[in-house]
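This report refers to the structure that appears directly beneath it.
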Amino acid sequence: MKIQEQLIQLIGDANRNAARELLEEWFKNNPSEIFFDELLLPVLEVVGKRYISKESLSLAQAYVASKFAADGFELFKKHSSSQPSAYKGHVVLANIEDDFHDLGRDIACNFLEADGWNVVNMGNDKTAEEIVDKAVETGARVIGVSAMMYTTALNIKEVRKELQGRGLENSIKIAVGGAIFAQRPTMVDEVDADGTCKSATEVSQLFEKLWELAKGGNNE
Amino acid sequence: MNSYERVMAAVRGSEVDRRPFAGVLSLQGAKFTKCPLDRYYSDSQAYIDGMIAVRETICPDIVHSPFILAAEGNAFGSEIKYFDEQAPNLKTPVIHSVSEFSKLQTPDIDSHPRLVYIREAVRGLKKKYGNEVAVAGTLLNPCDMPIMLMTLEEWLPAVICEDEAVERILDITVPFFVEWANTLADDGADFLVMPSPFTSPRVITHGITQRFALPVLKQTFSQLKIPLVLHHAGGQYLNFLDIFNGLPNLMGFSVDHTDPLHLCRDKIGPDTLLLGGIDGPNLDTLTPEEAYRKTGSVLLERSNDPYFLFMLTGPDVVYRTPVENILAVRRAVEEHRPNL
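Taken in sequence, the protein lines are chains A and B.
Just so we're aligned, residue 2 is where the first sequence starts under my numbering, counting upward by one.
Just so we're aligned, residue 7 is where the second sequence starts under my numbering, counting upward by one.
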C-alpha cells in the first residue's frame, strides 16, 4: 500500500502513534522538499473529501489529521533548511470570551499553519477588543473565533461591533467555528460572522476566501 | 393513565392512551419561576419549584434531575461557570493532564454540595410526584466523566494514544460512577439518563468505542440498580447504536433529530425503547405551527412503534424558547393516537 493510502487509513482509524511513526520513516527516506506537495496536501485532500462527503469526520479523526499536519510540519522544519514556500499572511484565532473549549481551535491552527498561514493562536476567553487589537497589530485580514455553546457564541457579536466601531469591518473578516455552528445553522448569521466550514480540513480554503474578500475592502 | 404509567407502558411496549412526551426542560423551569440560574443550579428547592412549574405549564411525562454535564467534574473539584441563560459548564478543570490522576479525590456523595443538591432535587421530585410522573436521574456516562476533570482536549488524545494513565483515571471514576448512579436510584430516580458527549460518533471512532468504551460500559452498567437511557447529548448517534445495543440494564436510546428513526429502529431491534423527536435547542427558531407540524410528522412515522417515546432531542430547550412553541409540540402529541 502506498504511504498516502496508509496515512489516510491511519487517520481514519484515529491512530496517531502509527501515523507519526510512518511520517518519521518517510522523512528518513525522502527529500523533505517534496513533503507538502507529495504527502501532506494529497493526504489531507483525500481525508477531507472521503470523510466530509460522508459527514462523518469525528473529532478524533480531525485531531489525528491535524497532528499529522503538525508533526509533518515539525519534521519538515527539522529536516529542511528552508521554510515552507507559501506565505499566506497573518491570521488570528481565539476562543471568544467565556469559552474554554480549545480543541477545535487548536486543530484549525495546525491545518492553517501547515498550509502556509502565519497563525497567531490567542487561546481561550478573549474579548472582542483583545482579538481585534491582535488582528490590527499583526495585519491579519481574517479572524477565526471559536465557541462551543450557544450562550458563549453570542459573545462573538461583539467582534463585529468592535470592527464596525473602528471602521475595519470591510478589511477584516470573521470566520467562526465550534460545535454550536454545526448544530444551529442560523448561528453564523446570529453572530454576524462572515463564514464557517463544516470541517477543520476545509479551514484554509475558508480563510483564503475571506482573505480575498478582505483585500477588496477599504484599507484602514 | 398517568404519566408514570404511560412511560412505563412505552418501556414495555404496551398499549398507551397517547405517546409519552419529554424533553430537557430545566431552563424553562427557571424562566417560569423567574429564578436566577446561579441559584436555580445550586438551591435544590429552587430547582424543584422550577420542575413543578414545568409540569404544571407544559406537562411532560418525565421530570428530571438537573442536566449539568459538569456536575460530577464540579464534585471532583473542577470549577464551573454560571451563565444567565444556560446551564453551568466547566471553566477550570481540577487536573490539567491525564498524568495528574493522583491528585483526584473522590467526592463524598453524602456531603459534597454539588451532589447533595442533585440528590435533594431527585428526592424532592420523587416525594412530589411518587408514581404519578416518572423521575429521571441524569449523570454522565463513565467514559465521558473525565472530560469534566481535565477537558476534552486532554482526555481525547490520551484515549487515542492509549495512554496508560487512562486506566488510572478510570480506576477512580468508575467506582464513583457506580456508587453515584445507585445513590440516585436509592433517592428515588425511576431510571437514569446518561448524556454521552464524548462517547459519540461526533467525537470518537467506531474502533475507539469498541476498544475503549464498550468494556468499561459493560462492566459498570451491570452493577446498576435501575435501568438507563443512553442520551446522544446533541450529536448524531445512529452509527454507535449497534455497539451499545444489548448493554446490561440498557432501557433505551435517546437519539438526535437528524438520526433517521426507522434506521435507528433497525439497529436496536423491535423491543428497545427509542426516544426521538424534533430539535429541542432550536425549537425557538420555529413558529408554533411549524413545531406542531414537525411533531406530527415524527409521530406519524412512528405510529406503529410500541416502544417509542417522543422526546425533544438534544440538551436543554434554550431559555428564550417561546412557551407557545413547546405547547404546540405538546398539543401535537396529545392529539395523535398511535396505531398500536
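Even for Gly, the Cβ is constructed at its ideal location relative to N, Cα and C.
Residue-chain proximity (residue i, chain A), Cβ-Cβ < 9 Å
i: B:Arg45; result: no
i: B:Ile214; result: yes
i: B:Asn288; result: yes
i: B:Asp29; result: It should be noted that the sequence gives Gly, not Asp, for residue 29 of chain B. So, not an interface residue.
i: B:Gly241; result: yes
i: B:Val324; result: yes
i: B:Thr98; result: yes
i: B:Gly282; result: no
i: B:Glu340; result: no
i: B:Glu159; result: yes
i: B:Pro163; result: yes
i: B:Gly83; result: no
i: B:Gly252; result: no
i: B:Gly79; result: no
i: B:Gly136; result: no
i: B:Gly143; result: no
i: B:Gly320; result: yes
Interface residues of chain B facing residue i [CB-CB closer than 8 Å]
i: A:Met150; result: Gln92, Asn95
Closer than 8 Å at the beta carbon, the chain A residues around residue i
i: B:Glu210; result: Reading off the sequence, residue 210 of chain B comes out as Ile, not Glu. Ala15, Ser59, Leu60, Ala61, listed in chain order.
i: B:Val222; result: Those within 8 Å of B:Val222 in chain A number zero; the least Cβ separation is about 17 Å.
i: B:Ile101; result: The contacting residues do not exist; B:Ile101 stays about 15 Å from chain A at best.
Any chain B beta carbon closer than 9 Å to residue i
i: A:Leu104; result: yes
i: A:Asn122; result: no
i: A:Tyr88; result: no
i: A:Gln184; result: yes
i: A:Val65; result: yes
i: A:Asp107; result: yes
i: A:Glu221; result: For A:Glu221, the predicted structure reports a pLDDT of 41, less than 50, and the residue's modelled location is therefore unreliable. A value from the coordinates is still provided. No, because no Cβ of chain B sits closer than 9 Å to the Cβ of A:Glu221.
i: A:Ala180; result: yes
Listed by chain order, chain A residues near residue i by CB distance under 9 Å
i: B:Phe89; result: Asp99, Met150, Thr152, Thr153
Span of the alpha helix (DSSP H) around residue i
i: B:Leu96; result: Where B:Leu96 is concerned, there is no enclosing alpha helix (DSSP H), although the beta strand (DSSP E) it sits in stretches over 95-98.
i: B:Thr39; result: Neither: B:Thr39 is in no alpha helix (DSSP H) and is coded neither H nor E.
i: A:Met150; result: No alpha helix (DSSP H) contains A:Met150, which DSSP labels as neither H nor E.
i: B:Pro266; result: Counting along the chain, B:Pro266 falls outside any alpha helix (DSSP H), and DSSP gives it neither H nor E.
i: B:Asn245; result: 244-250
i: B:Leu333; result: 329-341
i: A:Ala15; result: Looking at the DSSP string, A:Ala15 is not in any alpha helix (DSSP H), and its letter there is neither H nor E.
Under 9 Å between C-beta atoms of residue i and residue j
i: B:Cys41; j: B:Gly19; result: no
i: B:Pro254; j: B:Leu230; result: yes
i: B:Val139; j: B:Gly194; result: no
i: A:Ala194; j: A:Val120; result: no
i: B:Ser260; j: B:Val235; result: yes
i: B:His342; j: B:Leu306; result: yes
i: B:Phe316; j: B:Phe27; result: yes
i: B:Thr226; j: B:Val180; result: yes
i: A:Ala141; j: A:Val65; result: no
i: B:Phe182; j: B:Met154; result: no
i: A:Phe28; j: A:Val44; result: no
i: B:Ile284; j: B:Thr327; result: no
i: B:Pro357; j: B:Val222; result: It is not possible to answer for residue 357 of chain B, since the shown part of chain B is limited to 7 through 346.
i: A:Ala61; j: A:Ala115; result: no
i: A:Leu11; j: A:Leu23; result: yes
i: B:Gly241; j: B:Val209; result: yes
i: A:Trp212; j: A:Lys158; result: no
i: B:Leu146; j: B:Pro203; result: yes
i: B:Gln34; j: B:Val335; result: no
i: A:Ala201; j: A:Ser67; result: yes
Unbroken beta strand (DSSP E) run spanning residue i, endpoints
i: B:Met7; result: That residue, B:Met7, is in no beta strand (DSSP E); it is neither H nor E in DSSP.
i: B:Val180; result: Counting along the chain, B:Val180 falls outside any beta strand (DSSP E), though it belongs to the alpha helix (DSSP H) covering 171-193.
i: A:Phe208; result: Where A:Phe208 is concerned, there is no enclosing beta strand (DSSP E), although the alpha helix (DSSP H) it sits in stretches over 204-216.
i: B:Met257; result: 256-260
i: B:Leu315; result: 314-317
i: B:Ala140; result: 140-144
i: B:Glu85; result: 85-87
i: A:Ala95; result: 91-96
i: B:Met200; result: 197-201
i: A:Val121; result: 119-122
Residue i: CB within 8 Å of a non-hydrogen atom of the ligand MG
i: B:Asn137; result: This structure simply doesn't include the ligand MG, nor any ligand for that matter.
Contacts of residue i in chain B (Cβ-Cβ under 7 Å)
i: A:Thr187; result: Thr291
Proximal residues of chain B, C-beta to C-beta of residue i below 9 Å
i: A:Asn18; result: Ile166, Cys167, Glu168
Residue i at chain E interface by Cβ criterion, 9 Å
i: B:Leu190; result: This model lacks chain E altogether; the protein chains it does include are A and B.
Point to revise | Segment contact, 8 Å Cβ cut-off, at least three pairs: the stretch 293-300 of chain B with the stretch 267-277 of chain B | key: The stretch 293-300 of chain B vs the stretch 267-277 of chain B: no contact.
**Study point:** the stretch 95-103 of chain A in contact with the stretch 127-135 of chain A per 3-pair CB rule at 8 Å
**Key:** Between the stretch 95-103 of chain A and the stretch 127-135 of chain A there are three or more inter-stretch CB-CB distances shorter than 8 Å, so the stretches are counted as touching.
Check your understanding: Within the chosen definition, does the stretch 149-166 of chain A reach the stretch 179-196 of chain A through at least 3 CB pairs nearer than 8 Å?
Key -> Put simply, the stretch 149-166 of chain A touches the stretch 179-196 of chain A. At least three CB pairs are less than 8 Å apart.
Practice item. Evaluate contact between the stretch 104-112 of chain B and the stretch 39-54 of chain B, counting only Cβ atoms and requiring at least three cross-stretch pairs below 8 Å. Key: The answer is no - the stretch 39-54 of chain B does not touch the stretch 104-112 of chain B, with fewer than three Cβ pairs under 8 Å.
Review point. Given 8 Å as the limit, is there contact between the stretch 10-18 of chain B and the stretch 91-101 of chain B, that is, 3 or more CB pairs closer than that?
Key: Contact between the stretch 10-18 of chain B and the stretch 91-101 of chain B is absent, because fewer than three Cβ pairs lie under 8 Å.
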